[in-house]
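Protein chains in written order, with my numbering: chain A, 58 to 141; chain B, 43 to 173; chain C, 883 to 1188.
Heads up, the thing below is written out as structure tokens.
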Amino acid sequence: MTAIEMLLLAGLIVCAIAANFTRKLLPTIIIYAAFGTMLSVIWLLLRAPDLAITEAAVGVGIDTILFLLALRSMHHMDGTEDEE
Amino acid sequence: MHLVDILQHLMENRFDAASVILFVVGLAGMVFNRNLFKKVVSMGFMDSAIFLFLTSAGYVEGRMAPIIADPSVPAKMENYISPLPAGLVLTGIVVSVSFTAFGLALTQRLYKKYHSLNIDEIMMRARRSED
Amino acid sequence: MKAPQWYRRLERWVEGDSPVLPEPASHEEYYQEKEKLPEERTIGKPLLFEAGISTVRRMSLVFAIFSAVVFSILMLITVAYLPRFGDVEAPPENETSRRYIEKGVQEVGATNLVANIILVYRGFDTYGESCVLFLGATAVIMLLEADRKNTSKKDEEELERMDRIDQQGRNQILGHITTVLMPVVMLYGLYILCNGHLSPGGGFAGGSILGGALILCENAFGVQRVRSFFNHHVYHIIKVGALIFYAVLICYTIYVGSNGLENIFPLGKPGSILSAGIILPINVAVGLEVACTMYAFYTYFGRGEL
Chain A
58 MTAIEMLLLA GLIVCAIAAN FTRKLLPTII IYAAFGTMLS VIWLLLRAPD LAITEAAVGV
118 GIDTILFLLA LRSMHHMDGT EDEE
Chain B
43 MHLVDILQHL MENRFDAASV ILFVVGLAGM VFNRNLFKKV VSMGFMDSAI FLFLTSAGYV
103 EGRMAPIIAD PSVPAKMENY ISPLPAGLVL TGIVVSVSFT AFGLALTQRL YKKYHSLNID
163 EIMMRARRSE D
Chain C
883 MKAPQWYRRL ERWVEGDSPV LPEPASHEEY YQEKEKLPEE RTIGKPLLFE AGISTVRRMS
943 LVFAIFSAVV FSILMLITVA YLPRFGDVEA PPENETSRRY IEKGVQEVGA TNLVANIILV
1003 YRGFDTYGES CVLFLGATAV IMLLEADRKN TSKKDEEELE RMDRIDQQGR NQILGHITTV
1063 LMPVVMLYGL YILCNGHLSP GGGFAGGSIL GGALILCENA FGVQRVRSFF NHHVYHIIKV
1123 GALIFYAVLI CYTIYVGSNG LENIFPLGKP GSILSAGIIL PINVAVGLEV ACTMYAFYTY
1183 FGRGEL
């Protein structure tokens, strides 16, 4: 159990550091979503199921959608025709 | 305390240690990144670090989650984890989403006006348009 | 008296300049410097040595990592003096938690103790937090509402192009999958919403899932289909109505509790769906509020109108 916890915590820190060093902004958002997923698993391990459900719905779902929409409206996403 | 004691204690307080490191990484990202978008993301990391710290403070080994579903386990403090940190953090998560949306809205308006996400360029263009 | 160099550099950093750029020689030079992009700034006294912009960037990175490491070591030493993780004697294990755990079910009635705390014991706190959500949505609407000053021609063309794609019905795979998935998602959201006092979940999680279902609906079936049952009239009615309903219930509970009157909401048998007094109505109100807010965030970020 401790090994899983340590693995997840190390994953959190790696995600937080890696989000600062990406060149494009789309990988940052994907790293943020991965961070939220690991955090919700950690909350299950800490016996806080309310937090796990809320984090999975809010932190991973809604936050990611907001970031993606903001990125699209700023025309920074790969695949849109104008990349500034 | 000796170094060995400190390291052993940190291994036991692994959630606190990880949350502290996360907080520092988020703070450094927020202060030293020149990209407004990444500043908002770093603020999210800092939020999560605080939540992790609060939640891990209430955890006690061997107790159940604070939901009394099984009537055979009496509602005693020795059987259930304190529900207070979870209640505090639950409201915090939703407030952090409000903050994220607000910060992104401000960033979007700035981008539409100055066509940049770099704070240096935004400041420079704002100064130029003032003159 | 002239301010020391580190103070002037700090002042420039607070004003929005990069902290490690070279110090200019005079005031005029400083203002000329401010007109340039960060990459173009060359004149001025070098900081440590003759540095190009890439060196300055690298030094900034090194400075960031160095300060982060020092700060985290300081805070890790502090963590070593905190109470041990999972300790029975830890400070959160006090009489407040004991009261919430041992008396919560008799006093409030919900078997989910977290719902007891956030909706009744600390209901006023959560009410303020719902107001924060309301304010957040209002601020986003104010900032992103598509008006004359805010929209360029390119944005309008982009929006028209997306609407054309919507109407041509190209997203058939998404449409079919959503037809199958939508009732399940809605049912799951409603389950979490209405069982907030019995199982994990509650207003915030269930409301976000319902808002996510609305967002999926708009993506799959187009804007017009969603607008036919969820326009800004419905949005305002639900949002303001839920908030006022919540306020009335909370004020009633506080009034009754502080004066020792009898509560008209029965506590019921713990564990059944119609129990726990005001928790179920408040959960539904919070859920509707959160669902509306999430959908408003989505639609204002995407289209700038509701």
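For each residue, glycine too, the CB sits at the ideal point set by N, CA and C.
6 Å Cβ shell around residue i - same chain, five flanking residues per side excluded
i, result
"ALA1167/C", "ALA1124, PHE1127, TYR1128"
"THR1175/C", "LEU1015, ALA1019"
"ALA117/B", "ILE110"
"ASN77/B", "LEU159"
"ARG169/B", "none"
"ALA972/C", "PRO965"
"LEU45/B", "none"
Beta carbon proximity, residue i to chain B, threshold 7 Å
i, result
"ALA127/A", "yes"
"GLY1093/C", "no"
"VAL961/C", "yes"
"ASN994/C", "yes"
"PHE953/C", "yes"
"SER130/A", "yes"
"PHE1016/C", "no"
"LEU123/A", "yes"
Cβ-Cβ separation, residue j to residue i (assumed contact under 8 Å), whole Å
i, j, result
"LEU101/A", "ALA109/A", "5 Å"
"LEU125/A", "ILE86/A", "6 Å"
"PHE1183/C", "LEU123/A", "6 Å"
"MET1068/C", "ALA1095/C", "5 Å"
"PRO125/B", "PRO108/B", "4 Å"
"THR1060/C", "LEU1098/C", "6 Å"
Within-7 Å CB hit, residue i to chain A
i, result
"PRO973/C", "no"
"GLY71/B", "yes"
"GLY1085/C", "no"
"PHE1183/C", "yes"
"MET1024/C", "no"
"ALA107/B", "yes"
"ALA128/B", "yes"
"PHE945/C", "no"
"PHE1179/C", "yes"
"SER942/C", "no"
"SER1012/C", "no"
"SER1090/C", "yes"
"MET1176/C", "yes"
Residues of its chain near residue i, where Cβ-Cβ distance is below 8 Å and the 5 sequence neighbours each way are ignored
i, result
"MET72/B", "LYS81, SER84, MET85, MET88"
"ASN1165/C", "ALA997, LEU1001, LEU1075, CYS1076, GLY1078, HIS1079, GLY1084, GLY1085, GLY1088"
"VAL131/B", "PHE93, LEU96, THR97"
"LEU66/A", "ILE99"
"PHE1006/C", "ILE1132, ILE1136"
Closest residue to residue i among the options (Cα-Cα distance)
i, options, result
"VAL1122/C", "ASN1077/C, LEU1170/C, ALA1158/C, PHE1111/C", "LEU1170/C"
"GLN1050/C", "GLU1027/C, VAL1105/C, LEU1096/C, THR1060/C", "VAL1105/C"
"THR1181/C", "LYS1035/C, GLY1093/C, GLY1142/C", "GLY1093/C"
"GLN150/B", "ARG169/B, ASN121/B, TYR101/B, PHE79/B", "PHE79/B"
"ILE70/A", "PHE124/A, ALA60/A, ILE88/A", "ILE88/A"
"LEU1162/C", "ASN994/C, ILE955/C, GLU1027/C, SER979/C", "ASN994/C"
"ALA91/A", "ALA105/A, PHE124/A, GLY68/A, ASP107/A", "GLY68/A"
"ILE161/B", "PHE144/B, MET119/B, ASN75/B", "ASN75/B"
"ARG56/B", "ASP120/A, THR59/A, LYS81/A", "THR59/A"
"ILE1155/C", "MET1044/C, SER1081/C, GLU989/C", "SER1081/C"
"CYS72/A", "GLU62/A, LEU96/A, ALA105/A", "LEU96/A"
"GLU1100/C", "GLY1010/C, GLU977/C, TYR1073/C, MET1044/C", "MET1044/C"
"LYS154/B", "TYR1134/C, GLY1010/C, THR1008/C, ASP1029/C", "ASP1029/C"
"GLY1139/C", "GLU1040/C, TRP888/C, TYR1003/C", "TYR1003/C"
"ASP107/A", "SER949/C, ASN1145/C, ILE999/C, MET957/C", "ILE999/C"
Close beta carbons around residue i, own chain, < 7 Å, minus the five adjacent residues each side
i, result
"PHE1257/C", "Past the boundaries of the shown model lies residue 1257/C; chain C is included only from 883 to 1188, so the question cannot be answered."
"ALA91/B", "SER61, LEU64, PHE65, GLY68"
"THR94/A", "VAL117"
"LEU1149/C", "GLY991, SER1157, ALA1158, GLY1159"
"ILE947/C", "none"
"LEU1026/C", "TYR1182, PHE1183, GLY1186"
"ILE1120/C", "LEU1170, CYS1174"
"THR1008/C", "ILE1000, LEU1001"
Residue i at chain C interface by Cβ criterion, 7 Å
i, result
"PRO106/A", "yes"
"PHE74/B", "yes"
"ALA143/B", "yes"
"VAL47/A", "This structure cannot speak to residue 47/A, because chain A is shown only from 58 to 141."
My parser needs the beta strand (DSSP E) runs of 3 or more residues fully inside the region 101 to 132 of chain A; what are they? none
In chain order, which alpha helix (DSSP H) runs of at least 4 residues are fully inside the region 1086 to 1125 of chain C? 1105 to 1109
Runs of alpha helix (DSSP H) wholly within the region 957 to 1015 of chain C (minimum 4 residues, chain order): 977 to 989, 995 to 998
Fully enclosed by the region 78 to 140 of chain B, which alpha helix (DSSP H) runs are 4 residues long or longer? 78 to 99
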